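Chemist: Chains as they are written, first to last, in my numbering: chain A, 9 to 117; chain B, 115 to 1001. Could you have a look at this structure, given as structure tokens, before my questions?
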Amino acid sequence: MGKPSDLVQGTLDLLILKTISLEPKHGWAIAKRIQQISNEVLQVQQGSLYPALHRLEQQGWIRARWSETESGRPAKFYALTATGRAQLEREKESWNRLSTAINLVVEGA
Amino acid sequence: MRWLEKFRLSLMMLLRRRTATARLNDELEFHLQEQTAENIARGLSPSEARFAALRAFGNPTLVREEAISYWSWSWLEKFVRDVRYGARTLTRSPGFTLVAILVIALGIGATTSLFTIVRAVLLRQLPFRDPEKLVMVYEHFRVATEGDGFNVVSPADFRDWREKTHGFQDMAAWREYGFDLTGEHAELPEVVAAAGGSWNLFSVLGTPPALGRTFTPEEDVPEGRHVALLTWSLFQRRFGGDASVLGRQIRLDSTPYVIIGVLPRWFTYPDAHVQLWVPYASTFSAKDFDAHDMHQSHVVARLKPGVSAAAATSEVGALQYQIHLANPTKPVAEEARYRPTLEDVVRDVKTPLIVLLCAVMCMLLIACLNVSNLLVARGAARRKEVAVRSALGGGRLALIREQMTESLLICFAGGLIGVLLSIQATHWLASRWEDLPRAEAIHVDALVFVFALGLVFLTAVLAGLIPAISSTGSGVFAALQESSRSIGGSSSRAILRKTLLTVEIALTVALLVSAGLLFKTFLRLRTADLGCAMDHVLIMRYGLPEKQYDTREKVVAFHDSILERVKSLPGVRAAGLISTAPGDGWEGDDVFTIPEHPSSNFQLQYDALVRTVDPGYFTAMQIPLLQGRFFSDRERLTRDHYLVISKKFANQFFPGDNPIGKHISILRMDGNEPYEIIGVAGDTLWDVTEPTKATMYFPILSGIPDQTSEATIVVRTTGDPLGLSIPIQQQIATLDPALPVYDILTIDQIVGKTTASQSFSATLVLAFAALSLLLAAIGLYGVLSYLVTQRIREIGIRIALGARPGQVLQLVLLDGLRPVFIGLLVGLVAGAAAGALIRSILYGTSPLDPAVFAAMVGCLLITAVASCALPAIRAARMDPMLALRDE
Chain A
9 MGKPSDLVQG TLDLLILKTI SLEPKHGWAI AKRIQQISNE VLQVQQGSLY
59 PALHRLEQQG WIRARWSETE SGRPAKFYAL TATGRAQLER EKESWNRLST
109 AINLVVEGA
Chain B
115 MRWLEKFRLS LMMLLRRRTA TARLNDELEF HLQEQTAENI ARGLSPSEAR
165 FAALRAFGNP TLVREEAISY WSWSWLEKFV RDVRYGARTL TRSPGFTLVA
215 ILVIALGIGA TTSLFTIVRA VLLRQLPFRD PEKLVMVYEH FRVATEGDGF
265 NVVSPADFRD WREKTHGFQD MAAWREYGFD LTGEHAELPE VVAAAGGSWN
315 LFSVLGTPPA LGRTFTPEED VPEGRHVALL TWSLFQRRFG GDASVLGRQI
365 RLDSTPYVII GVLPRWFTYP DAHVQLWVPY ASTFSAKDFD AHDMHQSHVV
415 ARLKPGVSAA AATSEVGALQ YQIHLANPTK PVAEEARYRP TLEDVVRDVK
465 TPLIVLLCAV MCMLLIACLN VSNLLVARGA ARRKEVAVRS ALGGGRLALI
515 REQMTESLLI CFAGGLIGVL LSIQATHWLA SRWEDLPRAE AIHVDALVFV
565 FALGLVFLTA VLAGLIPAIS STGSGVFAAL QESSRSIGGS SSRAILRKTL
615 LTVEIALTVA LLVSAGLLFK TFLRLRTADL GCAMDHVLIM RYGLPEKQYD
665 TREKVVAFHD SILERVKSLP GVRAAGLIST APGDGWEGDD VFTIPEHPSS
715 NFQLQYDALV RTVDPGYFTA MQIPLLQGRF FSDRERLTRD HYLVISKKFA
765 NQFFPGDNPI GKHISILRMD GNEPYEIIGV AGDTLWDVTE PTKATMYFPI
815 LSGIPDQTSE ATIVVRTTGD PLGLSIPIQQ QIATLDPALP VYDILTIDQI
865 VGKTTASQSF SATLVLAFAA LSLLLAAIGL YGVLSYLVTQ RIREIGIRIA
915 LGARPGQVLQ LVLLDGLRPV FIGLLVGLVA GAAAGALIRS ILYGTSPLDP
965 AVFAAMVGCL LITAVASCAL PAIRAARMDP MLALRDE
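Structure below.
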């Protein structure tokens, strides 16, 4: 396995929204979760994660709440809002379109 | 729901920002701790684990800043930070700040005031229904020798136009008129300016009365029912706003009139002087109402939908040509012309107002350039600071924004003071400016504040952008390399400042030249010779009501006895009677023929002013007798077919011929009547701003009611002329207690009244020009002082190597004066252009008057040399040792 590939531009939002779609998570957990699910391929830089979280929050797609972790320490948990869920669907759809198109080009011809 | 949530969020971000920032720190710290914990679990020591976590995390400050930048209101936060920073920088140099704020305050204040006035007077529509559909229609003589080509209309022409053309929806007419107003029992006499309006005038304008009704067609006929409409101001002033005046009687020229209505408060058309209205036709005799050659009325027409003013007027013009052909022996115009009603009302003040507005905008621009110049100088002083900040990662945009904030702060403070000044100044201007039409419509409103705010931003950008861009440009790092021992200053910066200065000087010169021309005009007018005695002369008017003074004998008896009484008053050197005193206006003219020079057709140029005088008038006013004789006591009552003519009349109509004993013939009620010329008198001016006009003097002691019942007593006194006004009024009251006198003035005051507008605009433009000159001087001084500081070491070396003080002085002076010379040349061209634009309001001077140009160039050069001298002398006296050691 080579060097962890950079995230495809513009897909960070999709990954974050998807990751917290099942249950609210804090920033650390979101980064960890993306790393795990992608088999360590996708490394989310903290430098982009937190600005992205704050941007999504300002846009009203996710909502933050402080509560305690399993170990009893306070952390900021992000949850999907209704509009965020709709946004997730939109992003998924456009991602599917894009990846299908790329696949067609790469596999075909 | 969604926007509600957003609103809640943004409100929270605004109000609980400190908490949010602390929370963000907590969040990032939590992340680090988790990472540290994971690293410890992997077997690292606690301190190593923490470092590894930090390494993986990157720059926490950067992450934090980036996250914050997505928060709402972050622009506000930045702005507040810039403002705080800017304010701190500004308070560090309070002198500069104060000067800059004052300069901008003056510029913005003056511009806002002029804008308020221009908007109210020139731009805002008249307060009528669909005012853009109203035009004024005038007659036009093809061979007019004077005037602007818009000739007032004869009543019969107006009536024909209204009946026989159909291009306009409707046409109405009005004429100025005057009355002696008294109460029902002849009490409280006063002279009021009035107007006669056709019955449909108020419906054409779209003005329903505030009380009562307007005129009916049946009332609008000669000898019709005597009814009157009050304006709101007369209604309030004389009748205390009591609505029961409707149906009551007043006396106008001793005739009872019934008050039928009151006009609304805002109705001040054609101007605020008109106090009451009577039906149009009632101001004419039946014969005059049918005249095509008696021009005195103004015609207002309302456009028909879909018909242009030009088309409708050309129909009127075609009819007018038929009328002209039908009256070949009379002065009847051939054509008709129109102009918008608003233009008609403001035509006299349009040019002066625009000139003033241009002058203040020029001044504002100069103020901007000056502040800009000062900011460039400060920018130079802060070059290293800016360079260091750029090197540490300060974005260029952020740096520009910061500097712009500074100029915005200056302009905002200046604007605030300026608007406060302007509210006062507007008030003062509107009340001081005599005869400013629509002055009552001037007030400061929201739009004026919006305008002022716009000016603030505009000046901030103008003043701040050039220095901000230039001080943050690509060459900024050069400042770091520039050793403190380098010799040459930054030359690009100096060029920028010199360019700004050149523009400033050019604008100042243009302003100075315009001001000089206007001031010379004003001086010429003030010292103009009316052609008669001007010192210690009092005038006073009265008009004998035709109802009581209905025979020649009665009129002559009054004139005779008042003259006799006035002449015997102590302090009176001489007294005379004339219908209208020199300088006091046109009054009236008449056309005539000369039997000795027969001409088959009517000719327009056979037209002269008409005055009636008593035998002693010319001597009393020291008007010279050039030929023949003045009137004697013999030319009175029916022996009145004699006249004295003015020099201009003799030159114009009897060139190279002796006019004495010749005749002129005037069309009177009973056909042509011949008058014999008995003398030629010196010329007088009817208006100080106009050239003289041929004048005919008839004997006032003919006593013909109507023609000689209006009279002006002119009195030459030994002492203060105004001191005699009460004694003379008492004499008049003894003769007829119900007779009001008016226009009690000295000749000086008449001239002052006529030239008030010129005096006003000349003074204002001169004040603006002087201020601009001061600003330019400050700018020049600033630039040169800066240049000298920049070159201090170079000058030190020159002196050390043996340069004499004179040479250094020359070097620095030339450096400073070069932009002055270039600016002067550009400014002279601009000044000549400005002079051509204001040609129409100049008098007794040409737009290229060499004296004015020379004076203004001299004025500027002296100021420029004076403001350059100080830094130059300082440079020449410099101690080279100190200069070389300068860091």
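Cβ coordinates follow ideal geometry from the N, Cα and C atoms, glycine included. From a predicted model like this one, the values you see are computed outputs, not experimental measurements.
For Leu530 of chain B and Leu569 of chain B, what's the separation of their Cα atoms in angstroms?
Modeler: Looking at the two C-alpha atoms, the distance is approximately 11 Å.
Chemist: Buried or exposed: which applies to Trp700 of chain B, given that a residue is buried once 16 or more other Cβ atoms fall within 10 Å of its Cβ?
Modeler: By the neighbour-count rule (16 or more Cβ atoms within 10 Å), Trp700 of chain B is not buried but exposed.
Chemist: Less than 8 Å separating the beta-carbons of Leu57 of chain A and Gly35 of chain A?
Modeler: Yes, they are a contact pair.
Chemist: I believe Ala883 of chain B touches Leu625 of chain B by the beta-carbon criterion, under 8 Å. Please report the beta-carbon distance rounded to the nearest angstrom.
Modeler: Confirmed, about 4 Å.
Chemist: Pick out whichever of B:Ser886, B:Ala914, B:Arg687 and B:Val669 has its Cα sitting closest to the Cα of Pro835 of chain B.
Modeler: When only C-alpha atoms are compared, the closest one is B:Arg687.
Chemist: State the CB to CB distance for the pair Phe636 of chain B and Leu658 of chain B, rounded to an integer number of angstroms; the pair is presumed to be in contact (CB under 8 Å).
Modeler: With 8 Å as the limit, Phe636 of chain B and Leu658 of chain B do not qualify as a contact, their Cβ atoms being about 38 Å apart.
Chemist: Is there at least one Cβ from chain B nearer than 8 Å to Gly116 of chain A's Cβ?
Modeler: Not closer than 8 Å to any Cβ of chain B, the Cβ of Gly116 of chain A fails to qualify, so no.
Chemist: Take Cys476 of chain B as the anchor and find which of B:Ala426, B:Phe565 and B:Val623 has the nearest alpha-carbon.
Modeler: For the residues B:Ala426, B:Phe565 and B:Val623, the minimum Cα distance to Cys476 of chain B belongs to B:Val623.
Chemist: Met995 of chain B by DSSP, collapsed to three states: which one?
Modeler: Looking at Met995 of chain B - three-state DSSP - the assignment turns out to be helix.
Chemist: Opposite Glu304 of chain B in the DSSP bridges: which residues?
Modeler: DSSP output for Glu304 of chain B lists B:Leu295 as bridge partner(s).
Chemist: Check whether the Cβ atoms of Phe706 of chain B and Leu880 of chain B sit closer than 8 Å, and answer yes or no.
Modeler: For Phe706 of chain B and Leu880 of chain B, no; Cβs fall outside 8 Å.
Chemist: In this structure, how does DSSP classify Tyr394 of chain B when only helix, strand and coil are distinguished?
Modeler: Tyr394 of chain B falls in the coil class under three-state DSSP.
Chemist: What number of angstroms, rounded off, separates the C-alpha of Ser954 of chain B from the C-alpha of Thr465 of chain B?
Modeler: Answer to the nearest angstrom: the Cα atoms are 8 Å apart.
Chemist: Below 8 Å on the Cβ atoms is my contact criterion, and I expect Val669 of chain B with Thr822 of chain B to pass it. Report the Cβ-Cβ distance as a whole number of Å.
Modeler: With 8 Å as the limit, Val669 of chain B and Thr822 of chain B qualify as a contact, their Cβ atoms being about 6 Å apart.
Chemist: Quick check on this structure: which residue in B:Ala890, B:Ala914, B:Ile952 and B:Arg638 has the alpha carbon closest to the alpha carbon of Thr803 of chain B?
Modeler: With distances taken between Cα atoms, Thr803 of chain B lies closest to B:Arg638.
Chemist: Need the endpoints of the beta strand (DSSP E) that Tyr756 of chain B sits in, please.
Modeler: From DSSP, the beta strand (DSSP E) with Tyr756 of chain B extends over Tyr756 to Ser760.
Chemist: Can you name the residues of chain B whose CB is closer than 8 Å to the CB of Pro59 of chain A?
Modeler: Per Cβ cutoff of 8 Å: Val177, Glu180, Ala181, Ser183 and Tyr184.
Chemist: Where does Gly263 of chain B land, buried or exposed, given buried means 16+ other C-beta within 10 angstroms?
Modeler: Burial call: exposed.
Chemist: Could you check what DSSP says for Phe378 of chain B in three-state terms: helix, strand or coil?
Modeler: The identity of residue 378 of chain B in the sequence shown is Pro, whereas the question assumes Phe. In this structure, Pro378 of chain B counts as coil in the three-state DSSP scheme.
Chemist: When the Cα atoms are used, what is the spatial distance from Ala969 of chain B to Pro322 of chain B?
Modeler: Spanning the two alpha carbons is a distance of roughly 56 Å.
Chemist: Are the C-beta atoms of Trp36 of chain A and some chain B residue less than 8 Å apart?
Modeler: Interface residue, yes.
Chemist: Using CA atoms only, rank isn't needed, just tell me which of B:Tyr663, B:Gln283, B:Thr694 and B:Leu652 is closest to Val680 of chain B.
Modeler: Measuring from the Cα of Val680 of chain B, the nearest candidate turns out to be B:Leu652.
Chemist: If distances are taken between C-alpha atoms only, which option among B:Tyr383, B:Leu513, B:Ile909 and B:Glu277 comes closest to Leu319 of chain B?
Modeler: The candidate whose alpha carbon is nearest that of Leu319 of chain B is B:Tyr383.
Chemist: Which residues in chain A sit within 9 Å of Phe121 of chain B, going by Cβ to Cβ distance?
Modeler: Residues of chain A passing the Cβ test: none, with the nearest at roughly 10 Å.
Chemist: Return the Cβ separation of Leu621 of chain B and Ser227 of chain B in integer angstroms, given the expectation that the two are a contact with Cβ distance under 8 Å.
Modeler: Contact doesn't hold; Cβ gap of about 20 Å is too wide.
Chemist: In whole angstroms, what is the alpha-carbon distance linking Ser188 of chain B and Thr135 of chain B?
Modeler: Cα to Cα, the separation comes out at about 12 Å.
Chemist: Give me the Cα-Cα distance between Gly311 of chain B and Ala395 of chain B, rounded to the nearest whole angstrom.
Modeler: One C-alpha to the other measures close to 8 Å.
Chemist: Does the CB of Arg171 of chain B have a neighbour CB from chain A at under 8 Å?
Modeler: Correcting the residue type first, residue 171 of chain B is Phe in the shown sequence and not Arg. Yes, its Cβ sits closer than 8 Å to a Cβ of chain A.
Chemist: Give me the subset of the stretch 138-152 of chain B whose CB atoms are less than 7 Å from a CB atom of chain A, sorted by chain position.
Modeler: Per Cβ criterion, the list reads Glu141, Leu142, Phe144, His145 and Glu148.
Chemist: Who are Ile827 of chain B's beta bridge partners in DSSP?
Modeler: DSSP lists B:Met654 and B:Leu691 as partners of Ile827 of chain B.
Chemist: Helix, strand or coil: how does DSSP classify Gly785 of chain B here?
Modeler: Looking at Gly785 of chain B - three-state DSSP - the assignment turns out to be strand.
Chemist: Which same chain residues, not among the five before or five after Gly856 of chain B, have their C-beta less than 6 Å away from its C-beta?
Modeler: Sequence check: residue 856 of chain B is Tyr here, not Gly. Excluding residues within five positions, the ones whose Cβ falls inside 6 Å are Val305 and Arg655.
Chemist: So, at 8 Å on beta carbons, what are the nonlocal neighbours of Asn265 of chain B in its own chain, with the 5 sequence-adjacent residues on each side left out?
Modeler: Closer than 8 Å at Cβ, skipping near neighbours: Tyr252, Glu253, His254, Phe255, Ala258, His409 and Ala447.
Chemist: Which of the residues in the stretch 39-53 of chain A, read from start to end, lie with their CB under 9 Å from any CB of chain B?
Modeler: Per Cβ criterion, the list reads Ala39, Lys40 and Gln53.
Chemist: Give the range of the beta strand (DSSP E) segment to which Trp313 of chain B is assigned.
Modeler: No beta strand (DSSP E) holds Trp313 of chain B; DSSP gives it neither H nor E.
Chemist: Can you tell me whether DSSP reads Ile444 of chain B as helix, strand or coil?
Modeler: Per the sequence presented here, residue 444 of chain B reads as Lys, with Ile not at that position. Three-state result, Lys444 of chain B: coil.
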